[in-house]
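Numbering (the UniProt record's numbering), first residue to last: 1 to 234.
Ideal Cβ placement from N, Cα and C applies to all residues, glycine included.
Computed from a predicted model, the values in this text were never measured in an experiment.
Worksheet: one structure, shown below.
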């Protein structure tokens, strides 16, 4: 579904991504793990068209991303939940969700998806008319995921969904991610909490200073001593 082949990305002469290649197959949960500054967010931003890469290619369902205007990438069926959530704080919960469906015209389907999101995230329904900026961190993360789902994406790209959240909320968010995947949405997950990420993923890639240094079955990496000491704090 998604194929990255040898991309190189620079920021003001700094070589941020170095010949990155990875693949996400339909129906998988794939995670990118690594320390801060390893290039995880840059990889996701390149996928969404938010960062232009110098060489290599990224194809989503056979279409090269860099040949598609940024605002049309969503229309291909790819939704990105960015680091820091980036919800519209001055708009209500309902208005944020409606914006997630801005490309759609099927009113009945939009209503069904809205109901499904409120079923997944009951707290959002309770706060439907509340300004999004007044929500807790966990509720804002739920809203950011809900807004992305309103596009009915075939693939959901998540950047640090657990950042700044309490452990009980993190568990809830990760349960929802698994549920979304089981319902048919492919997931690419960037996550600082490597333990949680590897525990739900099918496959994983480890990034270090802009390079992929390890890849493999997520459960195998979870039990790998070198991974555990480097990324799981053990």
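- Where does residue 106 sit, in a helix, a strand or coil, going by DSSP? coil
- Task: Using only alpha-carbon positions, find the residue among 80, 81, 56 and 150 that is nearest to residue 106.
- Result: 150
- Return yes when the Cβ of residue 148 is within less than 8 Å of the Cβ of residue 70, no when it is not. no
- Item | residue 213 - containing beta strand (DSSP E), residue span | 211 to 217
- Message: For residue 167, count the other beta carbons within 10 Å of its own beta carbon; 16 or more makes it buried, fewer makes it exposed. Which is it?
- Response: Burial call: exposed.
- Pull up the CB-CB distance for residue 158 and residue 30, whole angstroms please, since I reckon it's below 8 Å. Taking a contact as a CB-CB distance under 8 Å, the pair residue 158 and residue 30 does not count as one, their CB atoms being some 11 Å apart.
- As assigned by DSSP and simplified to three states, the class of residue 60: strand
- In three-state DSSP terms, what is residue 165? Residue state, collapsed to three classes: coil.
- Message: Going by beta-carbon coordinates alone, are residue 198 and residue 221 separated by less than 8 Å?
- Response: yes
- Message: Tell me which residue opens and which closes the alpha helix (DSSP H) that residue 194 is part of.
- Response: 194 to 200
- Message: For residue 4, report the span of its beta strand (DSSP E) as first-last.
- Response: 2 to 11
- C-beta atoms of residue 49 and residue 65 nearer than 8 Å: yes
- Message: Given a cut-off of 8 Å on the beta-carbon distance, is the pair residue 23 and residue 186 in contact?
- Response: No, they are not a contact pair.
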